[in-house]
Amino acid sequence: MSSGNDPNSDPDAAKDPYEMLGLDQGASFDLIQKARDQRLSEAGEDPKARAEIESSYDILLMASLKNRQLGKVSNAAVTASQREAKKNKSVLVDRSAPSLFSKANIFSKSNIEKSSIPLLPELSLPEGSSLNLRIAIGFLLLIITLFAPSDGIQLILSIATISTIVSQIRRGRKFFPALGWSVVLLSIGLIAGGILVGGISSINQLHIPIEPAQLEALPAIILLWWGLLFFT
Numbered sequence: 052m053s054s055g056n057d058p059n060s061d062p063d064a065a066k067d068p069y070e071m072l073g074l075d076q077g078a079s080f081d082l083i084q085k086a087r088d089q090r091l092s093e094a095g096e097d098p099k100a101r102a103e104i105e106s107s108y109d110i111l112l113m114a115s116l117k118n119r120q121l122g123k124v125s126n127a128a129v130t131a132s133q134r135e136a137k138k139n140k141s142v143l144v145d146r147s148a149p150s151l152f153s154k155a156n157i158f159s160k161s162n163i164e165k166s167s168i169p170l171l172p173e174l175s176l177p178e179g180s181s182l183n184l185r186i187a188i189g190f191l192l193l194i195i196t197l198f199a200p201s202d203g204i205q206l207i208l209s210i211a212t213i214s215t216i217v218s219q220i221r222r223g224r225k226f227f228p229a230l231g232w233s234v235v236l237l238s239i240g241l242i243a244g245g246i247l248v249g250g251i252s253s254i255n256q257l258h259i260p261i262e263p264a265q266l267e268a269l270p271a272i273i274l275l276w277w278g279l280l281f282f283t
């Protein structure tokens, strides 16, 4: 005669964890996880059913860990472990990749910023007393050029070139770009002055109250004055 407390009379005690999760014996760990998630989704909010599913899952999980400790690992489990390791490695690579790309972008941007020196100067008029001073310097150089002796023209051109360089530096331009553009203005002015002097002498012998050296220097003085006013 069986007792009322016989464990075999309890239907829950007879439930196999594999059967509870709908799995075959020796199912892989991935299948056990998928079956557990599916059963929980089917159980909804039933606390008893969810507890039975979790219990079956824990039993199979402990059995899987025990088999691993005893060396009873199936080929499928080994393959799953290798696949999981590769997955984790790819995740680490993906996480590190953005930082490497971002560092490369930062370095490339910084190199571009360091190497990008504007070739052309910006043109803008100064304000206030700075503008008045530059206008006064230009007028003074122009008048001195018209009345200076021929042997003093080189000194006047040197003063005008240095004034243009200093003006650009004070307005934020580097020394070598300021020097380069001042020399360019000087050279263009002297070429234009040489063409002007040659053209006048070849067309007609005019009685102009100005020396050829002064006339040749005038375009250079005007261009340097223009750079003095506008170049930044």
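Under this note's numbering, the first residue of the sequence shown is numbered 52, with each subsequent residue one higher. The C-beta atom is built at its ideal place from N, Cα and C for all residues, glycine as well.
In the DSSP assignment, Ile204 falls within the alpha helix (DSSP H) that extends over Ile204 to Arg221. Within a 10 Å sphere around the beta-carbon of Ile246 sit fewer than 16 other beta-carbons, which makes this residue exposed.
In the three-state reduction of the DSSP assignment, Leu74 falls in the coil class, being assigned neither a helical nor a strand state. Exclusion of the five residues before and after Glu262 leaves Ser201 as the residues of its chain whose Cβ lies within less than 7 Å of its Cβ. Residue Ser218 holds the alpha-carbon nearest to the alpha-carbon of Leu182 among Leu193, Ile213, Ala211 and Ser218. In its chain, beyond the 5 residues on either side, Ser214 and Leu279 have a beta carbon closer than 7 Å to the beta carbon of Ile188. In the three-state scheme derived from DSSP, where H, G and I count as helix and E and B as strand, Leu91 is classed as helix. In the same chain as Phe226, and ignoring 5 residues on each side of it, the C-beta atoms closer than 7 Å to its own belong to Ile220, in chain order.
Straight-line measurement puts the Cα of Glu178 at about 30 Å from the Cα of Ile204.
Inter-segment contact for the stretch 93 to 101 and the stretch 72 to 80 is absent: fewer than three beta-carbon pairs are separated by less than 8 Å. In the DSSP assignment, Leu174 is bridged to Phe282.
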